[in-house]
Each structure stands twice: as structure tokens, then as C-alpha cells.
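Structure first, commentary second.
Structure, rendered in C-alpha cells:
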């Protein structure tokens with residue numbers, strides 16, 4: 001039993017029973033009106049941590065986005081200027097820099113340290129949401145609602161929702177902002193500045209989420225104006241301006257303002273333009289209907305709202321406007337990129353948690369208390385069990401922590417290490433960002449995949465020229481072409497080999513020697529390094 005609890009093997013029945021026991025305790029705490037926040041939040045954090053441990057200890061790639069951001073953080077640790085050494089494309093610099101915390105806690109950049117940071121951000125999100133909902137509504141409704149949100153975060157085993165995605169930090173910032181909005185009229189000056197400061201950080205985490213930040217800003221300005229707190233309005237603007245001026249000052253100082261505009265602003269504006277707005281929303285509806293377990297979370301939220309619908313219109317008009325704007329802009333934020341990754345749906349979580357809190361407050365006030373208590377308790381246990389076991393059946397169970405510790409146990413990585421020295425960078429053509437993490441080597445090129453070098457767009461030539469410039473500047477000892485291998489993300493067509501770009505083909509032919517093909521991956525060694533190794537010089 002102890003082994004199964006620690007190693008999370010393929011039959012985690014004891015671990016599951018333990019988690020249900022924690023959940024039952026949390027549900028009981030929900031119905032105690034005078035329970036302390038500390039006890040509730042501590043129990044919530046304990047459940048989330050215990051149920052997330054299998055994924056934290058599973059030190060292998062779950063989603064390719066994790067490998068990309070880990071590689072960026074690893075590179076920034078050595079060369080810390082974003083848009084000079086690293087380009088996150090749709091992901092902003094904060095998503096990478098925040099992983100420094102994982103490095104400081106564990107001593108390395110790997111999947112475990114990355115998911116540990118993810119856990120801390122989710123804990124912060126839940127605490128901020130609780131404090132916000134407690135202020136907007138009441139403690140008991142906030143606890144009931146947050147328990148349902150906890151089920152989504154803790155019992156979920158679907159890879160799109162358990163990895164460190166680029167939405168996690170933005171959602172954390174929105175949750176803090178929601179708490180500030182709930183408190184801003186109490187102290188408009190201090191909270192106004194804080195709201196502006198936090199919301200101004202959002203586009204530097206994920207530019208895709210900027211429209212939601214603007215909705216939050218608008219509601220914050222309204223709340224200050226409502227009580228004629230003009231100092232709060234001024235401080236909100238000052239808070240946002242201070243962040244913006246500071247970051248733009250750094251961009252100018254390190255001479256990357258042009259790269260920022262070209263690759264973060266223009267690059268994201270052209271992203272997904274070929275997809276019509278109708279098709280985007282059609283795909284969104286399809287995701288809402290099909291994507292498990294978000295579909296189940298949404299369905300429960302809708303059912304709760306239907307019971308409480310008659311009281312919804314009694315909310316303050318400005319709050320109603322804010323909620324409708326928040327919902328519509330969140331939907332737009334999800335469909336804007338024209339790509340339909342399931343983890344985009346995470347943007348709905350704070351909104352649905354807010355609506356669920358309203359629904360549960362209305363239900364507990366207007367229906368039999370005991371009936372609501374019994375029904376909701378049974379529903380939470382059934383939903384938690386269903387989500388757990390259904391995900392376990394439908395998706396890979398990331399439980400074998402013992403066998404996942406060694407990232408470098410791969411013939412390709414062994415070969416790369418034979419020709420690389422300490423602190424050297426690596427260039428991988430194609431989309432195999434996991435290779436950087438396995439090799440524990442920073443990226444030699446700004447984008448750690450070559451998709452945009454081979455995808456038709458107004459910036460394709462710019463991406464190709466930058467890739468070649470990075471190769472010439474950083475001169476990695478090893479160049480890897482993963483296209484056509486089983487390691488390459490299928491998003492990249494097998495014809496998109498590095499030879500398809502004439503300038504890059506000529507540079508590789510002139511400066512590199514083909515060494516071997518290992519597991520379908522072609523490995524090239526810089527000619528001077530190959531000669532040195534052949535003379536018996538060791539670089540490890």
C-alpha cells in the first residue's frame with residue numbers, strides 16, 4: 001500500500017481512497033458557517049498538492065508547450081534578455097521568467113520544477129479567487145464554489161489541463177485583479193495603483209489575454225468613478241504606466257524594441273488570420289461540447305445557474321455589464337489565435353467560479369438548506385470520482401514517477417553530449433523542444449522550433465533570417481534536424497527539413513558535418529568540433 005501511495009503505480013486505488021477522504025472532509029467544512037478560512041484553505045491546498053503529486057513527480061513531457069517554456073527559461077538563466085536570446089511567440093516573457101522560481105527551489109530546469117511552479121500558481125489562483133468571492137458574496141458560497149473548481153484542477157488527469165500552460169500565469173493575475181476589484185472601493189488609492197500594476201503585467205505573460213485585462217480595467221475605473229474616487233482612477237493609470245514605462249525602458253536599453261514589435265505584436269496579429277470568425281466560434285462551441293472534463297464542469301455550472309437564474313437580474317447593473325463583457329471577451333480571447341488548443345478553455349475558469357458562487361448563494365438562500373447540503377455533497381463526490389476514473393481510462397496515467405527520473409537516457413542525447421561542452425547551446429530544427437530539456441542545453445536560436453521559418457506568412461522571411469543570424473552568432477557545436485522522425489511534433493510537415501531553406505542549407509553544409517541518423521533524427525557536428533573530438537579532445 002505504501003509503495004502505491006508513493007510511486008502512484010497503475011492501480012492507484014489507495015491513493016484515490018485517500019483523496020476522496022480529503023474531499024469529504026473539505027465538503028463537511030463547507031457547511032460549517034463559522035469555520036476559519038485558514039482551515040478551509042489549508043485543506044484545499046493539501047488536497048490539490050496530494051492529487052497533483054503524480055504529475056509533479058512524473059519528470060517527462062506531458063505537453064509540448066512545457067518543453068518550450070522550460071527551454072526558454074533555461075536559456076534566459078544564461079542569457080537573460082528576452083527577444084534577444086528567446087522569442088516565446090504567443091507566450092510572453094513572464095511565463096518563462098517565473099520558472100526561475102522552480103530552478104531556485106529544485107536546482108534544475110525540468111518537468112518537475114516546472115509543474116511545481118504550476119502548482120504554486122494554481123494555489124495562488126484559488127486563494128485569490130476565494131478572497132475575491134468572499135468579498136463579492138459570502139464565505140460559505142465561496143467555499144462551495146471553490147470546492148467545485150478544486151475538483152477540476154485536482155481530479156483532472158487530461159494532459160491539456162494538467163501541464164504548465166501559458167494561460168496559468170495570466171489566470172493567476174486575473175484572480176488577484178478580481179480580489180482587488182472587490183476591495184477597490186474600500187481604499188481606492190492603494191488598490192487602484194495595485195490593480196493597474198497587476199493588469200499591466202498581463203500582456204507580458206500572454207498577449208492573447210490583453211482584452212480580458214482591458215475589461216477588468218474598465219470595471220475598476222467605473223468602481224472608482226462610482227464613489228468619485230478620482231485619486232483611485234489616477235493611481236490605477238499610474239500603476240499601469242509604471243509597469244509599461246519600466247518594461248519599454250528595458251526594451252530600449254537592451255536594443256530589442258524592434259524585435260518585440262515585429263515578433264510579439266506583428267507576429268501575433270498575423271497568427272491564425274486565415275481562419276474566419278465564424279469558423280473560430282464554431283470550433284469553440286465544439287470544444288465546449290466535447291472537451292472532457294471541462295464539458296462536465298461547464299454543464300454543472302449551467303445547471304446551477306438555471307436554478308438561480310431568476311435572481312441573476314437583481315445584481316447591480318454595472319456588475320451585470322462587467323459579467324457579460326467578461327464572458328464575451330473571454331470567448332473572443334480563446335478564438336482570436338485561430339488555433340483551438342483545449343487549454344485555452346482555462347480562461348473560463350475564473351468566470352465560471354464567479355458565476356457558480358452567485359448561483360450557490362442564491363440556491364442556499366432560497367431552497368431547503370438540508371436538501372441543498374445533501375444534493376451538493378453527493379454531486380461533488382460523484383463528479384470527483386467520475387472525473388478521476390474517466391480521465392484515468394481515457395488518458396495516459398502519468399503515475400510512474402520512479403521510471404521517469406532520468407531525462408538523458410536517450411541515444412540521441414548521449415550522442416549530442418559526446419560533442420558538446422559545458423554551458424554550450426544546441427540548435428534543433430523542426431519541433432522537438434523536448435530534446436533541449438533532455439539534453440539540459442539552452443537553445444542557440446531565438447525560437448526553439450522552426451515552424452514559422454517554413455509556414456507561409458508576411459514574416460516568414462524574417463524568421464528565416466533571424467534563425468540564420470542566431471546560428472552564426474551562437475555557433476552551436478551540434479545541429480539537429482528532427483523533421484521526419486517520431487520525435488518531431490506532427491504539426492511540422494515532413495517536407496519542412498532545413499534543406500528547404502537555401503540559406504540555412506548552405507550554412508549547414510559549409511560549417512557542419514553530418515554525423516549519423518539516430519531514431520530518425522539527423523545529427524550534424526560543427527566541423528572544427530568534430531575534428532577536435534577525433535583528435536581525442538574531450539568536452540564533457
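Numbering (our numbering), first residue to last: 1 to 540.
Cβ coordinates follow ideal geometry from the N, Cα and C atoms, glycine included.
field: Nearest neighbour of residue 511, chosen from 363, 500, 490, 468 [CA to CA]
entry: Position 511 of the chain shown, counted from the first residue, corresponds to residue 511. Ranking 363, 500, 490, 468 by Cα distance to residue 511 puts 468 first.
- prompt: Do residue 115 and residue 56 come within 8 Å of each other at the CB atom, strictly closer than that value?
  reply: Here the question's residue 56 lines up with position 56 in the chain shown. Here the question's residue 115 lines up with position 115 in the chain shown. Taking 8 Å as the Cβ cut-off, residue 56 and residue 115 qualify as a contacting pair.
message: By alpha-carbon positions, which one of 282, 336, 212, 299 ends up nearest to residue 271?
response: Numbered from 1 along the chain shown, position 271 holds the residue referred to as residue 271. In terms of CA proximity to residue 271, 336 leads the group 282, 336, 212, 299.
- prompt: When the Cα of residue 162 is compared with those of 457, 200, 80, 65, which residue comes out closest?
  reply: As a first step, residue 162 is located in the chain shown; it is residue number 162 there, counting from the start. For residue 162, the nearest C-alpha among the options comes from 65.
- request: With residue 478 as the anchor, note down where its beta strand (DSSP E) starts and where it stops.
  value: The sequence position of residue 478 within the chain shown is 478, counting from 1. Counting along the chain, the beta strand (DSSP E) containing residue 478 begins and ends at 478-481.
query: How close, in whole Å, do the beta carbons of residue 359 and residue 305 come, if the pair is a contact with beta carbons under 8 Å?
result: For this step, residue 359 is matched to residue 359 along the chain shown. For this step, residue 305 is matched to residue 305 along the chain shown. With 8 Å as the limit, residue 359 and residue 305 qualify as a contact, their Cβ atoms being about 5 Å apart.
query: Which of the three DSSP states, helix, strand or coil, is assigned to residue 523?
result: For the purposes of this step, residue 523 is taken as residue 523 along the chain shown, with counting starting at 1. Strand, per DSSP.
field: Same chain, Cβ closer than 7 Å to residue 182, five either side skipped, listed in chain order
entry: Position 182 of the chain shown holds residue 182. Cβ contact annotation for residue 182 (same chain, cutoff 7 Å, sequence separation greater than five): 132, 135, 136, in chain order.
DSSP-derived helix/strand/coil call for residue 81: Within the chain shown, the letter at position 81 stands for residue 81. In the structure shown, residue 81 sits in coil (DSSP, three-state: anything other than H, G, I, E or B).
message: For residue 3 and residue 51, what's the separation of their Cα atoms in angstroms?
response: For this step, residue 3 is matched to residue 3 along the chain shown. For this step, residue 51 is matched to residue 51 along the chain shown. In this predicted model, residue 3 has a pLDDT of only 40, less than 50, meaning its place in the structure is not dependable; the value taken from the coordinates is given anyway. The alpha-carbon separation between residue 3 and residue 51 amounts to approximately 16 Å.
- request: Please go through the segment 180-229 and give each complete alpha helix (DSSP H) segment of 4 or more residues, from N-terminal end onward.
  value: Runs of the alpha helix (DSSP H) lying entirely within the segment 180-229, each at least 4 residues long, are 188-205, 210-226 in chain order.
task: Can you tell me which of the three DSSP states residue 517 falls into?
output: For the purposes of this step, residue 517 is identified with residue 517 of the chain shown, where counting begins at 1. The answer is strand: DSSP assigns residue 517 an E or B state.
message: Assuming residue 129 and residue 146 are in contact, meaning their beta carbons sit under 8 Å apart, how far apart are those beta carbons, in whole angstroms?
response: In the chain shown, the residue the question calls residue 129 occupies position 129. In the chain shown, the residue the question calls residue 146 occupies position 146. About 6 Å separates the CB atoms of residue 129 and residue 146; that is less than 8 Å, so the two are in contact.
- prompt: How many Å lie between residue 524 and residue 515 at the Cα?
  reply: For this step, residue 524 is matched to residue 524 along the chain shown. For this step, residue 515 is matched to residue 515 along the chain shown. Going by C-alpha positions, residue 524 is about 5 Å away from residue 515.
- request: Indicate whether residue 71 and residue 332 have their beta-carbon atoms separated by less than 8 Å.
  value: Reading the chain shown from its first residue, position 71 is the one you call residue 71. Reading the chain shown from its first residue, position 332 is the one you call residue 332. Not in contact: residue 71 and residue 332 (Cβ atoms no closer than 8 Å).
- request: Name the one or two DSSP bridge partners that residue 91 has.
  value: The residue you call residue 91 lines up with position 91 of the chain shown. Here residue 91 is bridged, per DSSP, to 206.
message: If contacts are defined as beta-carbon pairs under 8 Å, then residue 68 and residue 488 qualify, I think. What distance do you get, rounded to the angstrom?
response: What you label residue 68 is simply residue 68 of the chain shown in a count that begins at 1. What you label residue 488 is simply residue 488 of the chain shown in a count that begins at 1. About 14 Å separates the CB atoms of residue 68 and residue 488; that is not less than 8 Å, and the two are not in contact.
Below-8 Å beta-carbon distance, residue 159 vs any chain C residue: The structure shown contains no chain C; it holds only a single protein chain.
Beta strand (DSSP E) runs contained entirely in the segment 415-454, provided each spans 3 or more residues: Counting only runs of 3 or more, we get 427-429.
query: Taking all protein chains shown into account, do 16 or more other C-beta atoms lie within 10 angstroms of the C-beta of residue 348, making it buried, or fewer, making it exposed?
result: To locate residue 348, count along the chain shown from 1; it is residue 348. Here residue 348 is buried, its C-beta having at least 16 other C-beta atoms within 10 Å.
DSSP state of residue 86 mapped onto helix, strand, coil: Position 86 of the chain shown, counting from 1, holds the residue named residue 86. DSSP places residue 86 in strand when its eight states are reduced to three.
message: Rounding to the nearest angstrom, what Cα-Cα distance links residue 173 and residue 444 in this structure?
response: In the chain shown, the residue the question calls residue 173 occupies position 173. In the chain shown, the residue the question calls residue 444 occupies position 444. The alpha-carbon atoms of residue 173 and residue 444 are separated by roughly 31 Å.
- prompt: For residue 427 versus residue 350, is the C-beta spacing smaller than 8 Å?
  reply: For the purposes of this step, residue 427 is identified with residue 427 of the chain shown, where counting begins at 1. For the purposes of this step, residue 350 is identified with residue 350 of the chain shown, where counting begins at 1. With respect to the 8 Å criterion, residue 427 and residue 350 are not classified as neighbours on the basis of their beta carbons.
field: Own chain residues within Cβ distance below 6 Å of residue 310, not counting five before or after
entry: For the purposes of this step, residue 310 is taken as the residue at position 310 of the chain shown. When the five nearest sequence neighbours on each side are left out, no beta carbon in the same chain lies closer than 6 Å to the beta carbon of residue 310.
Backbone secondary structure at residue 278 - three-state DSSP: As a first step, residue 278 must be located in the chain shown, where it is residue number 278. If DSSP states are grouped into helix, strand and coil, residue 278 belongs with the helices.
query: By DSSP, does residue 3 sit in helix, in strand, or in coil?
result: Locating residue 3 in the chain shown gives position 3, counting from the first residue. Annotation note: pLDDT 40 at residue 3 (below 50); position unreliable, coordinate value reported separately. In this structure, residue 3 counts as helix in the three-state DSSP scheme.
query: When the Cα atoms are used, what is the spatial distance from residue 346 to residue 260?
result: Within the chain shown, the letter at position 346 stands for residue 346. Within the chain shown, the letter at position 260 stands for residue 260. Approximately 26 Å between the Cα atoms of the pair.
query: In this structure, what does DSSP give as the bridge partners for residue 261?
result: On the chain shown, residue 261 is found 261 positions in, with the first residue counted as 1. For residue 261, which the question treats as bridged, DSSP gives no partner whatsoever.
field: Reduced DSSP category for residue 512 - H, G, I as helix; E, B as strand; rest coil
entry: The count along the chain shown starts at 1 and reaches residue 512 at position 512. Three-state result, residue 512: strand.
- prompt: What did DSSP end up calling residue 368 once you bin it into helix, strand or coil?
  reply: Taking the chain shown and counting its residues from 1, one reaches residue 368 at position 368. For residue 368, the secondary structure class from DSSP, reduced to helix, strand or coil, is coil.
Boundaries (first-last residue) of the alpha helix (DSSP H) holding residue 486: Along the chain shown, read from residue 1 onward, the residue named residue 486 stands at position 486. No alpha helix (DSSP H) contains residue 486, which DSSP labels as neither H nor E.
query: How is residue 336 classed by DSSP in three states: helix, strand or coil?
result: For this step, residue 336 is matched to residue 336 along the chain shown. In the structure shown, the three-state DSSP call for residue 336 is coil.
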